[in-house]
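> Here the sequence shown stands for residues 1 to 388, numbered as in the UniProt record's numbering. Think of the CB as a built atom: it goes at the ideal place given N, C-alpha and C, for glycine as much as any other residue. Pasting a structure here, questions to come.
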Amino acid sequence: MGLFSYLTTACARKRSVLSIRLKSTVSYPYCSTSNAEFVIADDDRLINRNDFRGVSAKNEKRENARLPETVLSRIQESLRRNYRVSASTVFIDVVKKLEEEDGSLVSTLRRSPNRWLPLLFRACGRAASNIPKTSRQQILARFWKQLNLKEILIDVPSINAMLCSMLENDLRFDSNEVLEDVECRRRLEPDQETFQLLLTNLALDGNTEACRAMVYEMAKRGFIVNRACNDALVYCFAVRGHHAKADSLAEQALGKYGADAVASAQGACARAAAARADLNRLRAVLRRAVMGEQRRLILSVSDILETIWLLSEKSRDGDGAEYVNLTEQMLNHTSRGPGFFRLLIREVERHICHQHYYTAVALLEDTNRISDCLKNQQKFCKYELLLG
1 MGLFSYLTTA CARKRSVLSI RLKSTVSYPY CSTSNAEFVI ADDDRLINRN DFRGVSAKNE
61 KRENARLPET VLSRIQESLR RNYRVSASTV FIDVVKKLEE EDGSLVSTLR RSPNRWLPLL
121 FRACGRAASN IPKTSRQQIL ARFWKQLNLK EILIDVPSIN AMLCSMLEND LRFDSNEVLE
181 DVECRRRLEP DQETFQLLLT NLALDGNTEA CRAMVYEMAK RGFIVNRACN DALVYCFAVR
241 GHHAKADSLA EQALGKYGAD AVASAQGACA RAAAARADLN RLRAVLRRAV MGEQRRLILS
301 VSDILETIWL LSEKSRDGDG AEYVNLTEQM LNHTSRGPGF FRLLIREVER HICHQHYYTA
361 VALLEDTNRI SDCLKNQQKF CKYELLLG
């Protein structure tokens, strides 16, 4: 009798644990693969990486009872000024509040969805650079679930922002499912940016046939293949190893889309080479992308930093050690415009989070150049001239 009671209790406990597990399952948006669902992780582990083991975070002070508009405005200001935001702010002050049925936040988002939703979706992407991409994926999925449960209006710019963050988090989605959901279920009209993101998603896997089909769907709706779409096609062919076709599209970009399109097309070739860990191809692309007397790369800063990231992801030991020299060479030939150092700091955080320590150090060392920039400004030169 005692054994029967024990087995009954154990089975009941197992069923309860299983039911809790099933209740805490969340699906990734527009993902129809076997990995489309995940079980909600411990909230504290989701945003705390335990880099400093043994150091308690219990003394961390958080402001209580802040108005939703204040929280959202601070997120907006952080993104504007720093290009990044603390993941704990997005998760605790927004996602958790929605899960806890915070009426004031829900009403704020319902009142101004066009203003806040694209902002919050962007904050769930690369901007939350202080946590790994797996944590960002889960935060984004939980936020998406709450928006649908609360019946908060989601428009096309919001969906575009979410798709952009999914791509930044290396989370693939079903492009055809997105298109069907937008047009048939939500009765919305996708715009040019929507198709750019759908095409980019297909291109990342090198799916040339699917890309051609998506271009056909664009044409049926009156959309054209613009510069961003051309970059996606260049990447698609290059990542498959069809370099002649990719280079041909890159060469045609100048006549079709202007001078800036040459830089973005070469950036697509560089990213594809890094994704394949094809260093010979990457060096060839970089050599032809160096211009001018100062030997600067014509590639955009975002393309250069993404190329470095893709290289570190392909590292044998995961730390990026074998790509440090190439990283330093690329940074030495990079043009530094406004906002460069803010992007650089965000990338340093991103590499550290994913344990790419060698490339993180290479990026961090490049921040020393800011002292040279300040010296070159010669702040007191004009002052001394005025004094005679």
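Mind checking whether Leu286 and Leu297 have CB atoms under 8 angstroms apart?
A contact, by the Cβ cut-off of 8 angstroms.
> Suppose only complete runs of 4+ residues qualify. What are the alpha helix (DSSP H) ranges in the region 303 to 374, listed by chain order?
324 to 332, 340 to 353 and 357 to 366
> Under 8 angstroms by Cβ, that's how I've got Leu198 and Ser175 pegged, so tell me the actual separation to the nearest angstrom.
4 angstroms
> Give me the Cβ distance between Arg342 and Tyr83, rounded to the nearest whole Å; I'm assuming they're in contact under 8 angstroms.
Going by Cβ atoms, the distance from Arg342 to Tyr83 rounds to 5 angstroms, so yes, they are a contact pair.
> Evaluate contact between the region 328 to 344 and the region 125 to 143, counting only Cβ atoms and requiring at least three cross-stretch pairs below 8 angstroms.
no
> What does DSSP give as the partner residue(s) for Leu297 in the beta ladder?
DSSP, once it has assigned bridges, lists Val290 as partnering Leu297.
> At what residues does the beta strand (DSSP E) containing Ser27 begin and finish?
Thr25 to Ser27
> Quick check: what's the CA-CA separation for Glu101 versus Arg136?
21 angstroms
> Within its chain, find whatever has a CB closer than 6 angstroms to the CB of Leu153; leave out the 5 residues flanking it on each side and keep chain order.
Pro113
> Helix, strand or coil for Arg187, going by three-state DSSP, please let me know.
coil
> From what residue to what residue does the alpha helix (DSSP H) around Cys211 run?
Thr208 to Lys220
> Nearest-angstrom Cα distance between Cys211 and Glu349?
33 angstroms
> Taking all protein chains shown into account, do 16 or more other C-beta atoms lie within 10 angstroms of the C-beta of Cys184, making it buried, or fewer, making it exposed?
Cys184 comes out exposed.
> Locate the alpha helix (DSSP H) running through Gly103, then write down its first and last residues.
Gly103 to Arg111
> DSSP three-state call for Lys256: helix, strand or coil?
helix
> Among Glu193, Val178 and Gln192, whose alpha-carbon lies nearest the alpha-carbon of residue 439?
A question about residue 439 goes unanswered here, because the residues of the chain that appear run from 1 up to 388.
> Between the Cα of Arg142 and those of Val361, Tyr358, Leu311 and Pro29, spot the shortest distance and give me the residue it belongs to.
By alpha-carbon distance to Arg142, the top candidate from Val361, Tyr358, Leu311 and Pro29 is Pro29.
> List the whole-angstrom C-beta distance separating Asn230 from Ala265, where the pair is believed to meet the contact cut-off of C-beta under 8 angstroms.
7 angstroms
> Find out if the Cβ-Cβ distance for the pair Tyr323, Thr359 is shorter than 8 angstroms.
Contact: yes.
> Could you tell me which of Trp116, Glu306 and Lys96 sits nearest to Leu74, measuring between CA atoms?
What sits at residue 74 in the sequence shown is Arg, not Leu. Arg74 has its Cα closest to that of Trp116, out of Trp116, Glu306 and Lys96.
> Might you give, ordered along the chain, the residues of its own chain that have their beta carbon closer than 7 angstroms to the beta carbon of Phe340, omitting 5 neighbours on each side?
Excluding sequence neighbours, Phe340 sits near Val301.
> Measuring alpha carbon to alpha carbon, tell me which residue in Ala289, Ile352 and His354 is nearest Met330.
Ala289
> For a quick check, are the C-beta atoms of Ala161 and Pro190 less than 8 angstroms apart?
Between Ala161 and Pro190, the gap from beta carbon to beta carbon reaches 8 angstroms or more.
> Could you check what DSSP says for Asn230 in three-state terms: helix, strand or coil?
Of the three classes helix, strand and coil, the one that applies to Asn230 here is helix, per DSSP.
> According to DSSP, is Cys31 helix, strand or coil?
In the structure shown, Cys31 sits in coil (DSSP, three-state: anything other than H, G, I, E or B).
> From Leu279, Arg316 and Asp319, pick the residue whose C-alpha is nearest to that of Thr307; which is it?
Leu279
> Any idea what DSSP makes of Pro118, helix, strand or coil?
helix
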